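Structure, as structure tokens:
There are 2 protein chains.
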Amino acid sequence: MKIVIIGCGAAGIVASHVIKKINPDADVTIIGREKSIFIRCSAPYALAGIDSLGKCEKPAAMVTGTGARLVHDEAVAVDVKSSAVKTKSKSFDYDSLIFATGARPFLLPIGGIGLKNVFTLRTADDAKKMSKALKGSHDVVIIGGGMIGVETASLLSDRFRVTIVEMLPSLFPLSYDKEYSKQVEYLLSKNGVKVLLGKPVAKLTGDKKVNAVHVARRKIKADVVLVAAGIRAETDLAKRSGIKTGKFGIETDKHMKTNIKGVYAVGDCAQTFSMLTGKPVQSGLVTTAVVQAKVAGMNVTGMDATFDGVLNSSVTQIFDRSLGRVGLTEEQARLEKIKYKVGTSETLDKYDTQPGAKPLKTKLIFDHGGMVIGAQVIGSGHIVSGIINMISFAIQRKSTVKGLLKLKYAAHPELTPLPFADPVVLACEAVD
Amino acid sequence: MKIVIIGCGAAGIVASHVIKKINPDADVTIIGREKSIFIRCSAPYALAGIDSLGKCEKPAAMVTGTGARLVHDEAVAVDVKSSAVKTKSKSFDYDSLIFATGARPFLLPIGGIGLKNVFTLRTADDAKKMSKALKGSHDVVIIGGGMIGVETASLLSDRFRVTIVEMLPSLFPLSYDKEYSKQVEYLLSKNGVKVLLGKPVAKLTGDKKVNAVHVARRKIKADVVLVAAGIRAETDLAKRSGIKTGKFGIETDKHMKTNIKGVYAVGDCAQTFSMLTGKPVQSGLVTTAVVQAKVAGMNVTGMDATFDGVLNSSVTQIFDRSLGRVGLTEEQARLEKIKYKVGTSETLDKYDTQPGAKPLKTKLIFDHGGMVIGAQVIGSGHIVSGIINMISFAIQRKSTVKGLLKLKYAAHPELTPLPFADPVVLACEAVD
Chain A
153 MKIVIIGCGA AGIVASHVIK KINPDADVTI IGREKSIFIR CSAPYALAGI
203 DSLGKCEKPA AMVTGTGARL VHDEAVAVDV KSSAVKTKSK SFDYDSLIFA
253 TGARPFLLPI GGIGLKNVFT LRTADDAKKM SKALKGSHDV VIIGGGMIGV
303 ETASLLSDRF RVTIVEMLPS LFPLSYDKEY SKQVEYLLSK NGVKVLLGKP
353 VAKLTGDKKV NAVHVARRKI KADVVLVAAG IRAETDLAKR SGIKTGKFGI
403 ETDKHMKTNI KGVYAVGDCA QTFSMLTGKP VQSGLVTTAV VQAKVAGMNV
453 TGMDATFDGV LNSSVTQIFD RSLGRVGLTE EQARLEKIKY KVGTSETLDK
503 YDTQPGAKPL KTKLIFDHGG MVIGAQVIGS GHIVSGIINM ISFAIQRKST
553 VKGLLKLKYA AHPELTPLPF ADPVVLACEA VD
Chain B
153 MKIVIIGCGA AGIVASHVIK KINPDADVTI IGREKSIFIR CSAPYALAGI
203 DSLGKCEKPA AMVTGTGARL VHDEAVAVDV KSSAVKTKSK SFDYDSLIFA
253 TGARPFLLPI GGIGLKNVFT LRTADDAKKM SKALKGSHDV VIIGGGMIGV
303 ETASLLSDRF RVTIVEMLPS LFPLSYDKEY SKQVEYLLSK NGVKVLLGKP
353 VAKLTGDKKV NAVHVARRKI KADVVLVAAG IRAETDLAKR SGIKTGKFGI
403 ETDKHMKTNI KGVYAVGDCA QTFSMLTGKP VQSGLVTTAV VQAKVAGMNV
453 TGMDATFDGV LNSSVTQIFD RSLGRVGLTE EQARLEKIKY KVGTSETLDK
503 YDTQPGAKPL KTKLIFDHGG MVIGAQVIGS GHIVSGIINM ISFAIQRKST
553 VKGLLKLKYA AHPELTPLPF ADPVVLACEA VD
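First to last, the sequence lines map onto chains A and B. Start counting the first sequence at 153; every next residue gets the next number (the numbering used here). Start counting the second sequence at 153; every next residue gets the next number (the numbering used here).
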């Protein structure tokens with residue numbers, strides 16, 4: 153069984169692992185143009201000097217350790233009729249082909265975007281170059297108020313003057329409702345980060361090197377600019393090969409199969425769909441890539457696995473606070489014309505008897521029938537990921553307010569809120 | 153509607169809150185012999201000087217704030233025929249009566265148990281007296297290797313020479329399997345706590361004040377002794393009143409009703425049952441008391457609520473590690489003659505790129521049909537409570553390996569394990 157995987161990010165690597173685990177004899181080749189295996193989520197921490205860039209780059213053994221072959225090259229053509237992938241120098245036959253080509257950062261079509269010291273943050277190279285440019289810099293402008301932009305701003309703000317520019321009227325415009333994004337705005341401002349909302353960047357200017365970002369009539373000083381304005385699925389090769397693509401990437405069915413027999417697509421290059429609405433969406437999350445890669449890997453080896461859509465569960469850290477979200481926001485529910493109910497709670501992450509107890513704010517969203525369809529949480533540390541994972545599972549299990557009210561949670565002075573203040577149960581009790 | 157509640161612990165207070173919330177006009181009286189409202193779980197932290205005892209005692213307004221009446225007195229008789237509770241000085245008629253009399257620490261029937269400086273740790277008074285005795289003391293012996301004993305040992309060990317004596321052959325004999333309790337033993341030893349297992353205490357000796365604990369042929373120096381050898385439901389008054397009791401406390405049905413019409417029992421005084429085996433068990437957890445109190449409170453007001461048993465979800469902190477458990481252990485499954493399967497995982501609580509990532513070990517237990525029936529986790533901080541709560545919910549929802557494998561978890565360098573190393577999913581993948 154010959155399997156070729158194009159792309160050596162999380163999706164490609166996990167697919168190779170699953171295939172070799174199920175069938176150690178499978179002949180697996182990963183073609184990766186990336187120079188190294190990069191733990192991308194850690195890039196903001198590397199920029200801030202918290203993680204070493206070295207630790208974020210993993211050895212090739214992460215792929216080859218299972219017996220898969222790693223080819224550092226770029227796939228330039230796929231002949232789906234003869235089932236072969238061509239790189240610049242070679243050709244690889246396949247029985248099954250997995251596209252895991254990822255995505256590329258969206259570069260705004262504005263003047264000056266090609267100036268020096270304008271970066272995106274996706275590859276190890278990006279991180280290294282930006283790290284170098286930050287040395288001796290003072291003013292950093294981040295274009296894009298999503299996860300990467302806000303996280304990077306919070307991590308760089310103690311060493312640089314940082315400004316975030318977001319075209320839409322709120323931070324995290326696609327993932328959190330306003331009362332949560334307002335809190336993030338407040339956190340950023342309190343820590344000296346300037347936040348400009350609702351205004352697009354007009355242009356970047358500078359003499360070879362960027363020195364200013366122009367937003368409406370303002371000119372913001374910039375030694376370094378990070379463009380974190382979303383990603384676009386890397387679909388060029390697929391399109392050229394006759395593989396069908398949609399608005400958000402390569403089209404697949406629930407088995408992660410494309411329109412061409414024997415060809416799969418997983419991770420950021422693949423369009424996915426919402427588990428809740430069934431509609432096509434972009435995920436862009438590594439956790440989606442991992443699960444899709446497992447599904448494709450299993451199917452390639454002859455098993456029958458399906459992917460049932462995304463809830464886009466995610467967590468992020470901003471200064472000493474963590475935020476998490478899953479499913480639909482109120483705004484999204486409104487757009488989907490879903491009649492919804494909301495329950496909120498405010499409690500502490502420890503008993504109020506303990507030193508260091510911090511506020512924990514939770515919002516649960518339910519559909520008209522009482523089924524939970526979304527959650528947003530702001531707190532500190534791991535408690536937020538715990539709640540988000542639990543609500544993810546509750547959504548997957550089609551749980552209702554009544555079911556969640558019965559949650560048999562644990563209580564401990566240092567490790568949970570007070571015994572009568574579980575954030576999920578309190579939010580359920582408060583449903584309007 | 154006249155409601156009398158006997159007992160002013162978590163069970164009694166929550167019952168009063170629920171009743172007053174549903175029916176603000178209800179005439180609610182709580183008879184409490186306790187001098188104060190005490191957050192008992194925090195007592196070990198108060199002994200260690202981490203929490204102030206003052207913070208662990210809550211004002212009477214916690215009860216009276218809703219309009220309920222708080223009577224500091226002891227209920228000495230219940231006349232179920234005339235529906236009246238008698239205290240030493242007064243009589244209170246009721247339409248509904250809720251027993252929330254709690255439990256008392258089990259005092260070993262051994263010589264010297266009445267000596268000075270031998271304590272239990274249940275009430276604010278207990279904590280105050282023991283706190284006082286600890287001043288100037290050096291050697292502390294804790295009898296009982298359960299949650300309270302081990303937690304107190306870990307919290308006192310930096311100021312005292314601490315020894316734990318447990319009669320059974322392992323710590324946490326009723327809640328964790330050996331590979332977990334062994335880790336706790338190791339943690340205690342590493343931090344200078346002596347652990348004696350498998351030997352009962354023969355007697356305590358001293359001249360008025362305890363000075364030694366005798367275990368087999370050993371004599372352990374002791375300035376202070378804490379007896380944390382379990383609790384017994386406080387059922388004397390109930391028994392005297394003709395209310396039926398079982399091995400573990402007052403017998404109730406799923407509505408928390410006793411055998412006497414209009415009389416309920418909730419919390420530590422009530423015998424409960426395992427959600428998984430249906431058999432009578434002791435819970436002793438405040439979280440059980442809270443949920444039972446809500447059920448009784450709702451039923452008293454004319455609603456129809458039921459309690460569906462316990463999973464005894466709990467978490468604890470020992471030095472810088474947290475432990476959590478829910479459902480059945482392997483040992484309990486064996487005793488119940490349940491054919492079970494196990495899946496374990498070892499990962500980190502952050503990405504391996506982050507400084508301060510700590511090990512996280514998870515065990516999931518499934519029945520023969522693949523339904524999850526238990527979990528044990530050791531890690532640090534809130535991540536453990538998050539996993540335990542999620543698995544509690546999964547057990548309640550009768551989830552299987554297959555369902556949990558599909559968990560749509562979140563990933564973040566600082567807030568979760570690596571994206572392909574979710575502890576629950578990894579453990580599911582490892583099921584034998």
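C-beta: ideal position from N, C-alpha, C; glycine also. These figures come from a predicted structure and were not determined experimentally.
Is the Cβ of residue i closer than 9 Å to any Cβ of chain A?
i	result
Tyr332 of chain B	no
Cys421 of chain B	no
Pro571 of chain B	yes
Gln434 of chain B	no
Val524 of chain B	no
Asp501 of chain B	yes
His534 of chain B	yes
Does the beta carbon of residue i come closer than 9 Å to any beta carbon on chain B?
i	result
Gln506 of chain A	yes
Ser497 of chain A	no
Ser393 of chain A	no
His564 of chain A	yes
Leu556 of chain A	yes
Cys160 of chain A	no
Leu437 of chain A	yes
Ser474 of chain A	yes
What do you get for residue i, buried or exposed, if any count of 16 or more other CB atoms within 10 angstroms of its CB means buried?
i	result
Lys446 of chain A	buried
Val379 of chain A	buried
Asp472 of chain B	exposed
Ala546 of chain A	buried
Gly274 of chain B	Note that residue 274 of chain B is Arg in the sequence shown, not Gly. So Arg274 of chain B ends up on the buried side.
Arg486 of chain A	exposed
Val228 of chain A	exposed
Met455 of chain A	exposed
Ala163 of chain A	buried
Asp460 of chain A	exposed
His520 of chain A	exposed
Arg549 of chain A	buried
Contact check, residue i vs residue j under 8 Å by CB: the rounded distance?
i	j	result
Gly538 of chain B	Ile535 of chain A	7 Å
Met542 of chain B	Met542 of chain A	4 Å
Val293 of chain B	Val365 of chain B	4 Å
Gly394 of chain A	Val232 of chain A	6 Å
Pro511 of chain B	Leu500 of chain B	6 Å
Mapping the DSSP letters down to three states, classify residue i as helix, strand or coil.
i	result
Met455 of chain B	coil
Ser309 of chain B	coil
Leu557 of chain B	helix
Glu303 of chain B	helix
Ser235 of chain B	coil
Asn541 of chain B	helix
Met523 of chain A	strand
Lys207 of chain B	helix
Leu259 of chain A	coil
Ala364 of chain B	strand
Ala385 of chain B	strand
His224 of chain A	strand
Ala136 of chain A	Chain A is shown only over 153 to 584; residue 136 of chain A falls outside these bounds and no answer can be derived.
Thr404 of chain B	coil
Ser474 of chain A	strand
Ser465 of chain B	coil
To be precise: take each residue of the region 453-466 of chain B, compare its Cβ to all Cβ atoms of chain A, and keep it if any distance is under 8 Å. Which residues remain? Asp460, Val462, Leu463, Ser465 and Ser466
Name the residues in the region 169-188 of chain A whose C-beta lies less than 7 Å from a C-beta of chain B; which are they? none
Which residues, taken in chain order from the region 536-552 of chain A, show a beta carbon closer than 9 Å to some beta carbon of chain D? In summary, chain D is missing from the structure at hand, where the protein chains are A and B.
If you measure beta-carbon to beta-carbon, which residues of the region 188-205 of chain B are closer than 7 Å to chain A? Ile191, Cys193, Ser194, Tyr197, Ile202 and Asp203
Members of the region 439-453 of chain A that neighbour chain B once the beta carbon cut-off is set at 7 Å: Thr439 and Val442
Relative to chain B, which residues along the region 313-330 of chain A have a C-beta separation below 7 Å, given in chain order? none
What residues in the region 267-293 of chain A have a beta carbon less than 9 Å from any beta carbon of chain B? none
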